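Take a look at the structure below.
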Amino acid sequence: MLSIMSKVSEKLNAGDEVKKEDLNKILEFLINFADKCHHGKEEDMLFPELAKNPVNLEFVSELIKEHKTGREYIKNISAAFENYGQENSAAREMAENMEKYVQLLTKHIAKENGELFPIANKELSNDTQKQMVEQFEKFEEDVIGAGKHEEYHKWLEELKKNYLD
């Protein structure tokens, strides 16, 4: 999604039209899948478990702060989307916030892969990790609904074809 957003941002900055339907899919993906689902699982289940070790408190707080910053960018993208096609500044505003979101999430994902997940693997027992995976699956179904994960992946493939191929 981040690569797609970068390309969409380029098009918006160049004054090229981007289908509202595609922008809506990007927004729904960001709001429901990336934030509510992925970040929700981390904030509700993983982070509290890791925060039991005081050594992790500062790092967990940093990641939560990044989630909040990402939500602000999503809110700004959504607000600009409402005026897209009506105000010239809306496309630029969406592009600017998409670029900021992509930069933030690129660094955030690197932190997760390079630090967060190794800490979790080291500190959480295999049983705890298995329980968490089961809780994650239930959380995802409760938050976005059954089958929605697959639908989002289908959208990603469509958007890749439209913007990256």
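If you number the sequence shown the way UniProt numbering does, the last residue is 165 and the count never jumps.
C-beta: ideal position from N, C-alpha, C; glycine also.
The model shown is predicted, which means the values in this text are computed figures rather than measured ones.
Ends of the alpha helix (DSSP H) at Asn24? In the sequence shown, residue 24 corresponds to position 24, counting from 1. Per DSSP, Asn24 belongs to the alpha helix (DSSP H) from 20-28.
8 Å contact criterion, which Gly70 and Leu105 should meet: CB distance rounded: Here the question's residue 70 lines up with position 70 in the sequence shown. Here the question's residue 105 lines up with position 105 in the sequence shown. So it is a contact: roughly 6 Å between Cβ atoms.
Under the three-state DSSP convention, the category Gly40 falls into: Along the sequence shown, one-based indexing puts residue 40 at 40. Here Gly40 sits in helix by DSSP.
Using DSSP with H/G/I as helix, E/B as strand and the rest coil, what is Asp16? Counting from one through the sequence shown, the residue named residue 16 turns up at place 16. Coil.
Does the CB of His108 have a neighbour CB from chain B at under 9 Å? The displayed structure is made up of one protein chain only, and chain B is not part of it.
Would you tell me roughly how many angstroms separate the C-alpha atoms of Ala90 and Asp22, rounded to the nearest one? Translated into positions along the sequence shown, residue 90 becomes position 90. Translated into positions along the sequence shown, residue 22 becomes position 22. Spanning the two alpha carbons is a distance of roughly 16 Å.
Alpha helix (DSSP H) segment containing residue 177, residue limits: The question about residue 177 has no answer here: the residues shown for the chain are numbered 1 through 165.
Through-space distance from Phe81 to Glu58, alpha-carbon basis: Residue 58 sits at position 58 when you count from the first residue of the sequence shown. Residue 81 sits at position 81 when you count from the first residue of the sequence shown. In a straight line, the C-alpha of Glu58 is about 35 Å away from that of Phe81.
Proximal residues to Leu30 (C-beta, below 7 Å), its chain only, five neighbours per side dropped: For this step, residue 30 is matched to residue 30 along the sequence shown. The beta carbon of Leu30 sits closer than 7 Å to the beta carbons of Ile74 from its chain, once the five residues preceding and following it are set aside; these are given in chain order.
When we look at the beta-carbon of Ser6 and count the other beta-carbons within 10 Å, is it buried (16 or more) or exposed? For the purposes of this step, residue 6 is identified with residue 6 of the sequence shown, where counting begins at 1. Burial check for Ser6: the Cβ neighbour count within 10 Å reaches 16 or more, so the residue is buried.
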